[in-house]
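Listed in order, the protein sequences are those of chains A and B. If you read the first sequence in the working numbering, its first letter stands for residue 3, the second for the next number, and so on. If you read the second sequence in the working numbering, its first letter stands for residue 1113, the second for the next number, and so on. Worksheet for the structure shown next.
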Amino acid sequence: MTSNAGFKFSNSLSRNPIVTDFDTGQSITLDELGRRKAEREFQRKASSVNDSIREENWLVIESKLDALLDEEYDEDFLAPTDSVLERVKKLLSGINKFFGYEMPMPSFIIPDREGGVRIEWKLNSKHLRLVLSEKQTYLYFEQNYKGEVTPDFSTEQLVEKLKQLNQK
Amino acid sequence: MLESSISDNSKVYRAILYRWWTNENNEVARDAFLLKDKDKGELSILLKADCVARICSGGFNTCFGEILLKAGKIRDLKLEIKPDPLPHSPYHAVILNLPLPEDIKRAEEMATLLSESVEAVQRKPEKYSRNQP
Chain A
3 MTSNAGFKFS NSLSRNPIVT DFDTGQSITL DELGRRKAER EFQRKASSVN DSIREENWLV
63 IESKLDALLD EEYDEDFLAP TDSVLERVKK LLSGINKFFG YEMPMPSFII PDREGGVRIE
123 WKLNSKHLRL VLSEKQTYLY FEQNYKGEVT PDFSTEQLVE KLKQLNQK
Chain B
1113 MLESSISDNS KVYRAILYRW WTNENNEVAR DAFLLKDKDK GELSILLKAD CVARICSGGF
1173 NTCFGEILLK AGKIRDLKLE IKPDPLPHSP YHAVILNLPL PEDIKRAEEM ATLLSESVEA
1233 VQRKPEKYSR NQP
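What follows is the structure in structure tokens.
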């Protein structure tokens, strides 16, 4: 007997018959199938919420980066270059996809006044600062007033520091 | 004004020269306390901020308000405050002994300490400038 709900009864006389879960091809009890279906539905909804938060986070970050171009710059105060902005966007977009709704949002996305971009996070009494410019590139992580500088950092190192920032 | 006349209880002001030095939560970016090469080792502050009618008493081309600190808290960090009056800014002073930009670790650590010493942030409703608009 086949139902139209994604499973097949193999023992319809039992109160908790063995059925086939079409999603996995496994034979399981009807109770177990119900539990799995509820869990899948929850994960589907959670994933949809996660996507929505991730998109919102990215819109905020992207609008802050785009707003850097609206400032008045001069020879003492250099605008972030196009190549720096492009690198920062690519970096943050990837990080945002990686973290999803757990993405720590920066407190500041600002020009470094020397042609680069500076991003500051503060979370759980920890600080993370990222500077990306033509002149220098570094990550600065601080906990309990002790700082640590990672020059010319990789994306993996940034992910690691953001994970540390998220830890309570 | 002599340095000795700046008591530990005196208020000093760091002009908000760039609007993004403070955010919507009135937090101060650590960047506001980092020296740049052009600063030549001196961080500008004001001993008095009495800006009126959109004219900046610091004589800055643009200013978006002030970050208020207490002189004593700056000295607690082993920094020095030196009056440095300028023709267009008689209450101009500087903070000395800050780590130089190339010493990233110490400069960033000091920026944290200074930002945590901030007493208040006074944002202007609009941009102030040296000359009357």
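From the three backbone atoms N, C-alpha and C, an ideal C-beta is built for every residue, glycine too.
By the Cβ rule, the stretch 1174 to 1184 of chain B counts as touching the stretch 1122 to 1138 of chain B, because three or more pairs are nearer than 8 Å.
Think of a sphere of 8 Å around the beta carbon of Asp68(A): no beta carbon from chain B falls inside it, the nearest being about 13 Å out. The C-alpha of Met1222(B) is placed about 24 Å away from the C-alpha of Glu136(A). With respect to chain A, the C-beta atom of Asp1188(B) has no partner C-beta closer than 9 Å.
With a minimum length of 4 residues, the unbroken runs of alpha helix (DSSP H) contained wholly in the stretch 1130 to 1215 of chain B fall at 1183 to 1188. Ser65(A) has a beta carbon lying at 9 Å or more from every beta carbon in chain B. Take Pro108(A), set aside five residues on each side of it, and the residues of its chain with a beta-carbon closer than 7 Å to its own are Ile121, Glu122, Trp123, in chain order. Using beta-carbon distances, Arg89(A) does not count as an interface residue toward chain B, since no partner is under 9 Å. When 7 Å is used as the limit between beta carbons, Glu1231(B) is near no residue of chain A, the shortest such separation being about 19 Å.
For the options Thr152(A), Leu130(A), Pro153(A), the alpha carbon positioned closest to that of Gln169(A) is the one of Leu130(A).
Only exposed fits Gly27(A), as fewer than 16 other CB atoms lie within 10 angstroms of its CB. CA-CA distance, Glu1228(B) to Leu1189(B), rounds to 11 Å. If one requires a minimum length of 4 residues, the alpha helix (DSSP H) runs lying completely within the stretch 38 to 116 of chain A are 84 to 101, in chain order.
Against Ala1141(B), the close residues of chain A are Phe110, Ile112, Glu122, in the order they occur along the chain (beta-carbon pairs closer than 7 Å).
With a threshold of 9 Å between beta carbons, Gly149(A) makes contact with chain B. Straight-line measurement puts the Cα of His1200(B) at about 48 Å from the Cα of Gly96(A). Residues of chain A with a Cβ closer than 9 Å to the Cβ of Asn1135(B) are, in chain order, Ser109, Phe110.
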